[in-house]
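Student: To start, I am sharing the structure in question, which I have written as structure tokens.
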Ligand code: 13P
Ligand code: SF4
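Residue numbers (our numbering): 3 to 301.
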């Protein structure tokens with residue numbers, strides 16, 4: 003299957019992009035593996051004709067918004083991020099009416115329709131930097147309450163109003179589960195994604211995006227870590243750090259949508275080119291502005 007995929011990539015000038023939460027077998031065959039910010043940058047820079055995006059829908063959608071002339075395929079178009087939809091109808095208009103000097107800051111884990119109504123996008127690796135760089139006094143942060151609160155704690159000179167969305171996978175990690183792991187591995191450092199609830203972040207030694215967690219573990223002198231994010235990151239963690247040990251809350255956080263990306267579905271979509279991301283032109287141009295502003299402000 004690997005050889006067939008390699009040949010199809012050459013014949014069609016295609017590249018495979020995979021998020022760190024995709025299954026290990028998919029990360030293994032991908033040309034680029036990373037967090038959502040890295041993958042958005044790669045999608046923008048790529049010279050390929052076809053991008054096969056192994057992630058969830060908002061990721062393939064963002065790649066298409068940034069590359070209208072490229073064919074963006076997804077191994078499974080039903081792979082979705084529930085949080086991407088968690089903004090109540092009308093609330094953005096209401097906020098704009100109630101607050102002057104307001105910027106709507108939209109986590110990239112959101113639908114294109116929400117991006118259209120926003121001033122700037124962010125990812126977990128650049129949210130603090132971008133919110134600090136905005137001239138606005140009032141910020142409405144959508145959709146994630148946990149990333150929003152994490153940003154608000156670090157930006158004291160702005161009024162940050164946080165929407166009530168959340169990631170159902172990170173929300174399932176409880177303090178009881180984490181404390182049980184800490185008891186089993188008292189020397190381990192806790193590394194957490196900012197999508198976790200406040201009590202988990204309060205128990206953590208380091209908070210960062212998937213790429214930041216992976217980079218932290220590599221440069222750290224510690225050799226044991228408890229990882230509070232989706233367990234797909236384990237592939238890169240163990241590849242980069244053969245001597246170190248990584249533990250997860252029990253049960254392991256697992257995003258079923260990310261796991262819909264399989265080598266079989268990658269091969270099938272490369273062969274048939276049938277699962278293409280298609281976006282209405284008006285929505286695409288509306289969502290492009292906040293995505294481009296993110297790329298500019300994050301430089
Ligand atoms: P990263 O931006 O850290 O890759 O996170 C994406 C995501 O979906 C986290 O749940
Ligand atoms: Fe969405 Fe959570 Fe899955 Fe990330 S882990 S893609 S935020 S559901």
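Virtual Cβ for every residue (Gly too), placed ideally from N, Cα, C. The structure presented is a predicted model; accordingly, all values stated were derived computationally and were not measured.
Could you check if residue 11 is buried or exposed, using at least 16 other CB atoms within 10 Å of its CB as the buried criterion?
Tutor: Within the chain shown, residue 11 is the residue found at index 9, counting from 1. Buried, because 16 or more other Cβ atoms sit within 10 Å of the Cβ of residue 11.
Student: Would the beta-carbon of residue 170 be found less than 7 Å away from any heavy atom of the ligand SF4?
Tutor: The residue you call residue 170 lines up with position 168 of the chain shown. Yes.
Student: Less than 7 Å between the CB of residue 111 and some heavy atom of the ligand 13P, yes or no?
Tutor: As a first step, residue 111 is located in the chain shown; it is residue number 109 there, counting from the start. True, at least one ligand heavy atom lies under 7 Å from that Cβ.
Student: Can you tell me which residues form a DSSP beta bridge with residue 324?
Tutor: For residue 324 there is no data in the structure shown, the boundaries of the chain being 3 and 301.
Student: Looking at C-alpha atoms only, which residue of 22, 150, 83 and 118 is the closest neighbour of residue 200?
Tutor: Numbered from its first residue, the chain shown carries residue 200 at position 198. Ranking the options by Cα distance to residue 200, first place goes to 150.
Student: Go ahead and label residue 37 buried or exposed: buried means 16 or more other beta carbons lie within 10 angstroms of its beta carbon, across all protein chains shown.
Tutor: Position 35 of the chain shown, counting from 1, holds the residue named residue 37. The residue is buried, with at least 16 neighbouring Cβ atoms inside 10 Å.
Student: Run through the DSSP bridge pairs and tell me what residue 109 is partnered with.
Tutor: Indexing the chain shown from 1 puts residue 109 at position 107. Beta-bridge pairing links residue 109 to 124.
Student: Taking its Cβ as the centre, do 16 or more other Cβ atoms sit within 10 Å of residue 287, making it buried, or is it exposed?
Tutor: For the purposes of this step, residue 287 is taken as the residue at position 285 of the chain shown. So residue 287 counts as exposed.
Student: So, at 6 Å on beta carbons, what are the nonlocal neighbours of residue 78 in its own chain, with the 5 sequence-adjacent residues on each side left out?
Tutor: Locating residue 78 in the chain shown gives position 76, counting from the first residue. Cβ neighbours of residue 78 beyond the five flanking positions: 262 and 267.
Student: Name the two residues that bound the continuous beta strand (DSSP E) containing residue 36.
Tutor: Against the chain shown, residue 36 aligns to sequence position 34. Segment 34-36, the beta strand (DSSP E) holding residue 36.
Student: Put residue 301 into one of helix, strand or coil per three-state DSSP.
Tutor: Walking along the chain shown from the start, residue 301 turns up at place 299. Residue state, collapsed to three classes: coil.
Student: Hey, could you find the ends of the alpha helix (DSSP H) residue 200 is sitting in?
Tutor: Here the question's residue 200 lines up with position 198 in the chain shown. 200-204 is the extent of the alpha helix (DSSP H) around residue 200.
Student: Just verifying my parser: in three-state terms, what is the DSSP assignment at residue 65?
Tutor: The count along the chain shown starts at 1 and reaches residue 65 at position 63. DSSP places residue 65 in helix when its eight states are reduced to three.
Student: For residue 147 versus residue 166, is the C-beta spacing smaller than 8 Å?
Tutor: Numbered from its first residue, the chain shown carries residue 147 at position 145. Numbered from its first residue, the chain shown carries residue 166 at position 164. Yes.
Student: Just the Cα atoms here: how many angstroms apart are residue 1 and residue 159?
Tutor: Nothing can be reported for residue 1, as the shown portion of the chain is limited to 3 through 301.
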